[in-house]
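The next block holds one structure in the form of structure tokens; read it before the comments.
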Amino acid sequence: MGLLSWVIALMAISAAGAAYTNRQVTLGPTAVAYIHLLALALFVGVGDWVNFVQGIVSFRTLPKTQFGLLQSRLLPYFFQVLTLSLAAGLVTATKVGSVGLVHVLSVALVLTLANLLFLEPYTTAIMFQRHRLEKEAASAEEAAKLPKHKALSKKFGMYHGLSALASLGLPCVEDAWSYISRPAAGGAKP
């Protein structure tokens, strides 16, 4: 999984570079608009589902360790899909939007890559260390009293908070992207 994440990251960074160097996309305007809107729909759909439905329902339904295990398996794919949709959006952005759109998508790409490559893997590793301590102790309550568990919990909270903060910036990007891209869908110019 790690290598795939880095390959996707390099592809997305290449797409951002192409957008900033104003390389021309050789597809027709209809195909470009279709790809752009498909990328926007994928970004919004997957992002909103994972952040506002799957995550909340799973958190309320599953025991803590099962929820953590589910998220550790799901989130790398989630961030990969977001990265690919942002890359497609960046490649088509200069044809359907403005330079402002390239900037908005680039900010989202930086936030998503930070989660994909650094924050999520580190947060997950800390979570699994906490789970091991809880398994070795008589109970989760007993483990929570250990200084090592307290230190891990503090670290986990910090990195999880940074990851959540980066993810919460994405709905703002969704709104900006859909607003700036309206002409591509045949809507009125902003």
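Residue numbering for the sequence shown is 0 to 189, as defined by numbering that gives the first Met the number 0. Here a beta-carbon is modelled for each residue, glycine too, at the ideal position from N, C-alpha and C. All values derive from a computational prediction rather than experimental measurement.
Considering just the uninterrupted stretch of the alpha helix (DSSP H) at residue i, what are its terminal residues?
i: Ala-143; result: 139-143
i: Thr-25; result: Premise fails: Thr-25 is in no alpha helix (DSSP H) and is neither H nor E.
i: Gln-79; result: 63-95
i: Ser-166; result: 146-167
i: Ala-124; result: 119-135
i: Leu-110; result: 98-113
i: Phe-58; result: 54-60
Would residue i and residue j qualify as a contact pair, given that the criterion is a beta-carbon distance under 7 Å?
i: Thr-123; j: Ser-71; result: yes
i: Gly-54; j: Ile-179; result: no
i: Leu-192; j: Phe-155; result: Only positions 0 to 189 of the chain appear in this structure, which leaves residue 192 out of reach.
i: Val-101; j: Ala-18; result: yes
i: Leu-89; j: Leu-104; result: yes
i: Leu-108; j: Leu-132; result: no
i: Val-80; j: Val-45; result: yes
Roughly how many angstroms lie between the CA atoms of residue i and residue j, to the nearest whole one?
i: Cys-171; j: Lys-147; result: 37 Å
i: Ile-125; j: Ala-136; result: 17 Å
i: Ala-11; j: Glu-141; result: 45 Å
i: Leu-83; j: Ile-7; result: 7 Å
i: Tyr-121; j: Thr-93; result: 35 Å
i: Ala-87; j: Ala-175; result: 16 Å
i: Gly-16; j: Phe-127; result: 36 Å
i: Met-157; j: Lys-134; result: 23 Å
i: Val-43; j: Lys-144; result: 41 Å
i: Ala-187; j: Ser-4; result: Annotation note: pLDDT 43 at Ala-187 (below 50); position unreliable, coordinate value reported separately. Those two C-alpha atoms are separated by around 37 Å.
i: Leu-164; j: Ala-30; result: 34 Å
i: Arg-129; j: Gly-160; result: 17 Å
i: Leu-169; j: Ser-138; result: 37 Å
i: Gln-65; j: Ser-13; result: 37 Å
Which whole-angstrom value is the C-beta distance of residue i and residue j, which I expect to be below 8 Å?
i: Leu-61; j: Leu-74; result: Wrong, their Cβ atoms sit about 15 Å apart, outside the cutoff.
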